[in-house]
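Student: Numbering (the UniProt record's numbering), first residue to last: 1 to 547.
Written as structure tokens, this is what we have:
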């Protein structure tokens, strides 16, 4: 590789070596993988669409100017920055093509490594799409205010650096925290607070715009403009209005934030390079005698007869609580699923009775089992043991699905009951519970199919949010495909639940939801299990990280 070759020959390692390494790894990852090429092209198309849309939005905001332009720029900039910070934690993960742990034994200084990883992160599709979108503010400012476009250019660069560096620093920090079991709960709570901030912000903006409350929106945008979320985006507007001092202060806030994030990221690089060995502790303690096999089962699962199926269910149950990567995924989906129904019920549609409860909880139910879309990637090479002992595919997938369903259904039921009581929709509760059960079951069945049709590896990284190069888009596309397919099957039941009323209809939907979700889970795992039996070795090869 470029960096290894440079160190071996005594050459000075430069930033360009990391960029070349990133591009080479991306190219090699696409060789002989038609489905990866297709997904990469799909990612490029989505990136181009996002870039064009963002370019138009920021251009329009800069040309409009005034309070309307401030609102558009402030909220768009804050939303973009929050998306960069939180979306990797929720869905896509962070591209760890240039894994810091790979350089632990090479004579590469941390400063050089930091600059190289930053440059490598800048050649990805998200970074390029964001850069194109931010150029819209430069073009719009140049059209209306001429030379002030220079300030917009500086702000765009600082905004892009805030997005990229902040995303890397945040995920590295969470990875470090999640290595320590004592602070995993604290890290999970912090992640929940961060993740839950996206939906309320979006619906607050929608509510303000729909009510035409420009003064209130401008006040909120003004507050955001004094934070790193909005400061680099609105500095050019201040300069255009003659407030050069304010513009310089906002740019200073953005530059200081980038500097602080770089220092934070720099501090986490060492632990990322050392890996789990840094947090390893001596375990040479004599423990109690080996317990009976039944004692290894959680209390809830001891009603199952000990055997292959129940053992796999117990394994999945424990893994979802103990594995940092699984915990991060589970907690992210859980929090998003808890916030979304409440926001839909009390959001802009609240004045018209709010979103019907079955429809409000349907989205979170469909998201519940999406973490299974790459369940074999979470196992990695450990899946070889299952192939070795010959676990049937249907047993494997149904046990995995049941292990997660036993966690998610109670959570979804509690959320649904709480939202129904707090928003005065108790009459819709039976129908909503039927939709929840059906949505979780259908989502689990669709995810089982996705996991055997398009598996991909996670990197051997201590970062629970890391993904291999080029698979971040695949992860998002799998989630989207699973959601859409499950939603299509759920649509008839959901439509009936929304259009009908009364206790009898609610009970009918509840019973139908049990059948609907159970059938979706059984059929999905049945078909996917047959595919797993045929493609087991290929799936193992696909989820094995490349060294």
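The beta carbon of each residue, even a glycine, is placed where N, CA and C say it ideally should be.
If you count every other CB in all the chains shown that lies within 10 Å of the CB of residue 321, and 16 or more means buried, which is it?
Tutor: Flag for residue 321 reads exposed.
Student: Look at residue 86 and residue 169 and say whether their C-beta atoms are less than 8 angstroms apart.
Tutor: Taking 8 angstroms as the Cβ cut-off, residue 86 and residue 169 do not qualify as a contacting pair.
Student: Report all residues from its chain with a CB closer than 7 angstroms to the CB of residue 494; omit the five preceding and five following residues, and keep chain order.
Tutor: Correct list, in chain order: 358, 359, 362 and 435.
Student: Inspect the beta-carbon positions of residue 161 and residue 130 and report whether they are closer than 8 angstroms.
Tutor: No, these two residues do not count as a Cβ contact at 8 angstroms.
Student: Is it right to say residue 12 is buried, meaning 16 or more other beta carbons lie within 10 angstroms of its own, or is it exposed?
Tutor: Classification for residue 12: exposed.
Student: Could you pull the start and end residues of the alpha helix (DSSP H) that residue 14 belongs to?
Tutor: Neither: residue 14 is in no alpha helix (DSSP H) and is coded neither H nor E.
Student: Threshold first: 3 residues or longer. Then list the beta strand (DSSP E) segments lying entirely within the region 414–446, N to C.
Tutor: The region 414–446 contains no whole beta strand (DSSP E) run of 3 or more residues.
Student: Count the other CB atoms within 10 Å of the CB of residue 250; is the residue buried (16 or more) or exposed (fewer)?
Tutor: Counting Cβ neighbours within 10 Å, residue 250 comes out buried, since at least 16 surround it.
Student: Using CA atoms only, rank isn't needed, just tell me which of 234, 165 and 150 is closest to residue 555.
Tutor: Examination of residue 555 is not possible in this model, given that the chain is present from 1 through 547 alone.
Student: Measure the alpha-carbon distance for residue 25 versus residue 165 and round it to whole angstroms.
Tutor: Approximately 21 angstroms, taken between the alpha carbons.
Student: Rounded to a whole number of angstroms, what is the C-alpha to C-alpha distance between residue 254 and residue 167?
Tutor: The straight-line gap from Cα to Cα measures roughly 15 angstroms.
Student: Rounded to whole angstroms, how far is the Cβ of residue 225 from the Cβ of residue 74, which I believe are closer than 8 angstroms?
Tutor: With 8 angstroms as the limit, residue 225 and residue 74 qualify as a contact, their Cβ atoms being about 5 angstroms apart.
Student: Just how far apart, CA to CA, sit residue 16 and residue 114?
Tutor: Their backbone Cα atoms lie some 12 angstroms apart in a straight line.
Student: How many angstroms separate the CA atom of residue 512 from the CA atom of residue 431?
Tutor: Taking the straight line from one Cα to the other gives about 9 angstroms.
Student: With distance defined between alpha-carbon atoms, name the residue in 229, 122 and 318 nearest to residue 83.
Tutor: Ranking 229, 122 and 318 by Cα distance to residue 83 puts 229 first.
Student: Any idea what DSSP makes of residue 472, helix, strand or coil?
Tutor: For residue 472, the pLDDT reaches just 49, beneath the cut-off of 50, and the residue's location in the model is therefore unreliable, leaving the point undetermined.
Student: Taking 8 angstroms as the cut-off, does the region 392–407 touch the region 361–379 (at least 3 CB pairs, one atom from each stretch)?
Tutor: Output reads yes: the region 392–407 touches the region 361–379.
Student: So is residue 252 buried or exposed if we call it buried at 16+ other beta carbons inside 10 Å?
Tutor: Residue 252 comes out exposed.
Student: Should the region 376–386 be called in touch with the region 534–542, which here means at least 3 C-beta pairs below 8 angstroms?
Tutor: As far as the Cβ criterion goes, the region 376–386 touches the region 534–542, which means the pair count is three or higher.
Student: Output yes or no for whether 8 angstroms exceeds the beta carbon distance between residue 446 and residue 524.
Tutor: Yes.
Student: The alpha helix (DSSP H) that contains residue 530, what's its start and end?
Tutor: Element bounds for residue 530: 503–543.
Student: Cβ of residue 442 within 8 angstroms of Cβ of residue 517?
Tutor: Yes. Within cutoff.
Student: Can you check which of these residues, 50, 27, 111 and 457, is closest to residue 263 by C-alpha distance?
Tutor: When each option's Cα is compared against that of residue 263, the closest is 111.
Student: Pairing CB atoms from the region 122–141 with CB atoms from the region 43–55, are three or more of them under 8 angstroms?
Tutor: Yes: at least three Cβ pairs fall under 8 angstroms.
Student: Between residue 54 and the rest of its own chain, which residues show a CB-CB distance below 6 angstroms, the 5 nearest in sequence each way excluded?
Tutor: Result list for residue 54: 133, in chain order.
Student: Helix or strand or just coil, what does DSSP make of residue 276?
Tutor: Confidence at residue 276 is low in this model, with a pLDDT of 44, below 50, so its placement is unreliable and no value can be given for it.
Student: With burial defined as no fewer than 16 other Cβ atoms inside 10 Å of the residue's Cβ, what is the status of residue 307: buried or exposed?
Tutor: So residue 307 counts as exposed.
Student: Go ahead and pull the three-state DSSP assignment for residue 231.
Tutor: DSSP places residue 231 in helix when its eight states are reduced to three.
Student: On the criterion of 16 or more Cβ atoms from any shown chain inside 10 Å, does residue 335 qualify as buried, or is it exposed?
Tutor: Label assigned to residue 335: buried.
Student: Here's the rule I'm using: 16 or more other beta-carbon atoms within 10 Å means buried, otherwise exposed. How should residue 324 be labelled?
Tutor: Looking at its Cβ environment, which holds 16 or more other Cβ atoms inside 10 Å, residue 324 is buried.
Student: So the candidates are 502, 452 and 311; which of them puts its Cα closest to the Cα of residue 393?
Tutor: The residue with the shortest Cα to Cα distance from residue 393 is 452.
Student: Going by beta carbon distance, what residues of the same chain come within less than 6 angstroms of residue 61, once the five residues before and after it are set aside?
Tutor: Closer than 6 angstroms at Cβ, skipping near neighbours: 69, 72 and 73.
Student: With a Cβ-Cβ cutoff of 8 angstroms, do residue 550 and residue 35 count as a contact?
Tutor: Because the chain in this structure spans residues 1 to 547, residue 550 falls outside the shown range and cannot be described.
Student: Is residue 53 helix, strand or coil when you go by DSSP?
Tutor: It is helical.
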